[in-house]
Each structure stands twice: as C-alpha cells, then as structure tokens.
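Trainee: One structure is given below, represented as structure tokens, and several questions about it will come after.
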Amino acid sequence: MSRNLTIADLLKNSMQTAPIVRKNITDFEMYGFSAADVDQLESDVANFKTMLPDEHYNNLFRTSVLLTEESQARILKHLRTLGFVLKIERRKGFSSVDKLTFSKYAKFKVADLTKNVSELVNYLEQNPTFTSVLPKISKIIDLIKAEYLVLEAESNKNSTLREARTNATQEREALLDSIYTQFAQLCNTGKHMYKYTNTSLYNQFVITSGIKSKPETDELEDDLIEEVA
C-alpha cells in the first residue's frame with residue numbers, strides 16, 4: 011500500500027482490519043485495545059460513508075447564489091421602471107423626483123441593496139410629497155416589496171448554506187482523523203507483534219503500518235463560487 015492512502019483505501023482497509031483484530035482481541039488487549047475500540051472504528055467508517063461530500067453543499071450554495079442574482083436583477087428592473095415613471099411625472103412638474111437617484115442601486119451588493127430598497131419603499135410610502143403619484147407607482151412598489159422579501163430570504167439562505175458547508179467539512183475531517191488514528195495504531199501494533207513474536211498471522215500489518223500521512227479530504231473549490239456579501 012502506498013504511504014499516501016486515498017480515503018477509499020483507508021475505509022476499505024479499516025473494515026478489513028477490524029474483524030481480524032476482533033477475532034484476536036486477546037493479543038491486542040495487552041497493548042491497550044478492546045473490542046469497544048474495534049466497534050468504534052467500524053462505527054466511524056459507517057458514519058463517514060453516510061456523510062455528504064463537500065460538492066453537495068457547493069451545488070446548493072451555487073444554486074442559492076444564482077437565485078440571489080436573479081432576484082437582484084428583477085429588483086433593479088423594477089427600480090428602472092419606477093425611475094422612468096417618476097421621470098415622466100417630473101416632466102409634468104413633480105419636482106420631488108429630483109431627490110431620487112436610481113443608478114446607484116445597480117452598484118450595491120445584496121446587503122446594501124436590501125437595506126436601501128427597504129428605505130426607498132418606506133420613503134415613497136410615508137413621505138407626504140409623494141401622495142399625488144402613489145396611485146401611479148403603487149403596483150411597482152408592490153412588486154419591489156415582494157421581490158425584496160425574496161432577495162432577503164435568499165441572502166439569509168446563502169449564509170446558512172455557507173455555514174452548513176463549513177461545518178460539514180469540519181465534521182468529515184474530524185471523523186477521518188479519528189479513523190486514520192485508530193487504523194494506524196492497530197497496524198503499528200500488528201507490525202510490532204509480527205516483528206517480536208514471529209506470529210505470521212500479523213504479517214499483513216507490516217505493509218499498512220508504514221503509512222506516515224493520512225489522506226486529505228477534498229478541498230473546497232471556493233474560487234469557483236461567487237461569494238455574495
């Protein structure tokens with residue numbers, strides 16, 4: 011076996027080693043091992059196999075980012091429509107429109123966009139100077155308010171998925187460390203018994219006990235994901 015195990019090899023070899031140790035647990039007990047240790051190794055391997063890979067969470071996150079971008083685009087479209095309608099009203103003499111600038115919204119990230127859109131809607135609905143034009147822009151405002159809720163929810167989902175992905179990676183790495191440690195200790199013990207007791211039963215541990223580095227979990231491809239603030 012290579013000194014650099016793959017995860018698949020580590021899991022496979024651990025499951026092959028466990029029953030051998032259990033069958034000869036009396037020999038291993040004098041080195042501090044018990045049947046419970048073997049059970050734990052098998053349990054850890056079984057649990058690791060049920061864990062979802064990083065790519066699962068990456069795909070969910072990419073989808074959420076895409077939905078966020080689509081929601082942003084719809085809000086900006088509604089804002090452009092609102093700006094156009096108010097520009098028409100300005101030509102009719104409604105001077106208060108001069109205070110509003112819509113081009114800045116296209117440059118905002120999600121957090122700034124949701125905050126400013128919320129403030130804009132409140133300003134339009136609560137400022138008495140807009141009373142005369144509210145009937146003409148009420149439908150647009152309703153669309154903006156509805157999309158604002160979608161954007162806010164998807165933005166929160168981004169954060170939740172990012173955290174879930176990080177936690178899942180840490181859990182997988184911790185469990186993999188545990189499996190590797192248990193497997194390496196059993197292999198080194200088997201090698202020791204083969205070397206000093208001349209028991210051919212444990213010669214299979216000689217190959218695996220030479221490992222020095224544990225397998226690495228797949229790295230997150232964050233560079234392929236557009237982070238949304």
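This note's numbering applies: residue 11 is where the sequence shown begins, and numbers increase by one.
All C-beta atoms, glycine included, are put in the ideal place defined by N, C-alpha and C.
Everything numeric in this text was worked out from a predicted model, so none of it was measured.
Contact check, V75 vs V48 under 8 Å by CB: the rounded distance?
Mentor: By 1-based counting over the sequence shown, the position of residue 75 is 65. By 1-based counting over the sequence shown, the position of residue 48 is 38. Not really, about 44 Å apart at Cβ, beyond 8 Å.
Trainee: Using the rule of at least 16 other Cβ atoms within 10 Å of the residue's Cβ for burial, across every protein chain shown, is A28 buried or exposed?
Mentor: Here residue 28 corresponds to residue number 18 of the sequence shown, with the count starting at 1. A28 is buried by the Cβ-count criterion.
Trainee: Taking a contact to mean a Cβ-Cβ separation below 8 Å, would you say L123 touches I151 in this structure?
Mentor: Taking the sequence shown and counting its residues from 1, one reaches residue 123 at position 113. Taking the sequence shown and counting its residues from 1, one reaches residue 151 at position 141. No, these two residues do not count as a Cβ contact at 8 Å.
Trainee: What's the gap between the Cα of G200 and the Cα of Y67?
Mentor: Stepping through the sequence shown from its first residue, residue 200 is reached at position 190. Stepping through the sequence shown from its first residue, residue 67 is reached at position 57. C-alpha separation (whole angstroms): 39 Å.
Trainee: If you draw a straight line from the C-alpha of N198 to the C-alpha of F38, how long is it?
Mentor: Along the sequence shown, one-based indexing puts residue 198 at 188. Along the sequence shown, one-based indexing puts residue 38 at 28. N198 and F38: Cα-Cα distance of roughly 11 Å.
Trainee: Using only the alpha-carbon positions, how far apart do H88 and E162 sit?
Mentor: On the sequence shown, position 78 is the one that residue 88 refers to. On the sequence shown, position 152 is the one that residue 162 refers to. So the alpha carbons of these two residues sit roughly 16 Å apart.
Trainee: Assign K102 to one of three DSSP states: helix, strand, or coil.
Mentor: Against the sequence shown, residue 102 aligns to sequence position 92. DSSP places K102 in coil when its eight states are reduced to three.
Trainee: Using CA atoms only, rank isn't needed, just tell me which of M25, F71, L15, G42 is closest to N166.
Mentor: Counting from one through the sequence shown, the residue named residue 166 turns up at place 156. The residue with the shortest Cα to Cα distance from N166 is F71.
Trainee: So for N34, helix, strand or coil by DSSP?
Mentor: Taking the first residue of the sequence shown as 1, we reach residue 34 at position 24. Of the three classes helix, strand and coil, the one that applies to N34 here is coil, per DSSP.
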